[in-house]
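Under UniProt numbering, think of the first position of the sequence shown as 1, with each following residue one higher.
Using N, Cα and C, we set each Cβ at its ideal position, and we do this for glycine too.
So the structure is just underneath, and the comments pick up after that.
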Amino acid sequence: MRLRPATTKQSRGLQSTAAAASSSPNGAVEAVGTQPATQWVQKTITLPQFPRGCHVITRKIYEAVPELAGFEVGLANIFILHTSASLTINENASPDVPLDLNDALNRLAPEGPMYRHSDEGPDDMPAHVKSSLMGPSLNVPVSRGRFALGTWQGIYLNEHRNMGGARSVVITLQGQLRMDGRKYGGAWNH
């Protein structure tokens, strides 16, 4: 059995046709509607070694996914494949912000003899604690070919080790491409 498309109202009074789904006798789900299919893009990038501290990587993320310019709306997941580094979004205008953020993390998880896990050096276990506090991933809205970040927001890689090495980051884009197939220009805006 197939259902008719449902019409829904969206913001600004625009109309769209949403796909309605139904189950067929064999259990498969059928979708009927006029919206474009969801597009997925996934890339793993390797960032160079950074010194211990918080580093804005927004431009590097943009440059890694030129496909972003073709998305009308969607979501980006950015995930770091390490347990001693993390990601966050924070102010990108003042050079004091990353310094203060790193200082605060060092106060929250200082180096010292209080850790049992110390085989990889005195900075290793505090790095795991900081990584757990900050988190390994970010979800960023995508709108009109850009990350929908605020004016002063930037994507940061937080390196919690003295010599952490190169870092791998998985970037996954999911969303709808522009209906006309074109790309937005100048995706870099932060």
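Residue i, enclosing beta strand (DSSP E) - first and last residue
i: E63; result: No beta strand (DSSP E) holds E63; the alpha helix (DSSP H) holding it covers T58 to A64.
i: S131; result: Element bounds for S131: not the beta strand (DSSP E) but the alpha helix (DSSP H), D124 to M134.
i: A104; result: Per DSSP, A104 belongs to no beta strand (DSSP E); it is in the alpha helix (DSSP H), D96 to L108.
i: Q176; result: R167 to L177
i: P141; result: S137 to S143
i: A85; result: A85 to E91
i: E159; result: Q153 to E159
i: K43; result: T38 to L47
i: K72; result: The amino acid occupying residue 72 in the given sequence is Glu; Lys does not appear at that position. Per DSSP, E72 belongs to the beta strand (DSSP E) from F71 to I80.
Whole-Å CB distance - residue i paired with residue j, under 8 Å assumed
i: D80; j: I171; result: According to the sequence shown, residue 80 is Ile rather than Asp. With a Cβ gap of about 10 Å, I80 and I171 do not count as contacting.
i: T128; j: S84; result: Checking the sequence, you will find His at residue 128 rather than Thr. Going by Cβ atoms, the distance from H128 to S84 rounds to 6 Å, so yes, they are a contact pair.
i: N158; j: T88; result: 6 Å
i: N102; j: G53; result: 5 Å
i: Q49; j: G165; result: 5 Å
Close beta carbons around residue i, own chain, < 7 Å, minus the five adjacent residues each side
i: A109; result: P126, V129 and K130
i: Q174; result: T38, W40, G74 and L75
i: D119; result: none
i: I61; result: I78, I155 and I171
i: V65; result: V41, K43, I171 and L173
For residue i, the nearest candidate out of the options (CA to CA)
i: G145; options: A64, V73, Q42 and A93; result: V73
i: V167; options: H55, P36 and Q153; result: Note on residue identity: the sequence assigns Arg, not Val, to residue 167. Measuring from the Cα of R167, the nearest candidate turns out to be H55.
i: P141; options: N162, Q153 and S132; result: Q153
i: Y156; options: Y184, V97 and D124; result: V97
i: N162; options: D124, V169 and G181; result: D124
i: S132; options: E67, H160, S94 and V169; result: H160
i: P122; options: M134, H82 and N106; result: N106
i: G135; options: R116, H82, P95 and K60; result: H82
Sequence-distant residues of its chain with Cβ nearer than 8 Å to residue i (five each side left out)
i: M179; result: P36 and E72
i: L177; result: P36, Q39, G70, F71 and E72
i: S137; result: N77, I78, F79, I80 and L87
i: H117; result: D124, M125 and H128
i: R182; result: G70
i: E111; result: P122, D123 and P126
i: L47; result: I57, K60, L157, A166, R167, S168 and V169
Close-in-space but distant-in-sequence residues of the same chain around residue i (CB under 6 Å, 5 per side omitted)
i: residue 191; result: The chain is shown from 1 up to 190; residue 191 falls before or after that span and cannot be answered.
i: A93; result: W152
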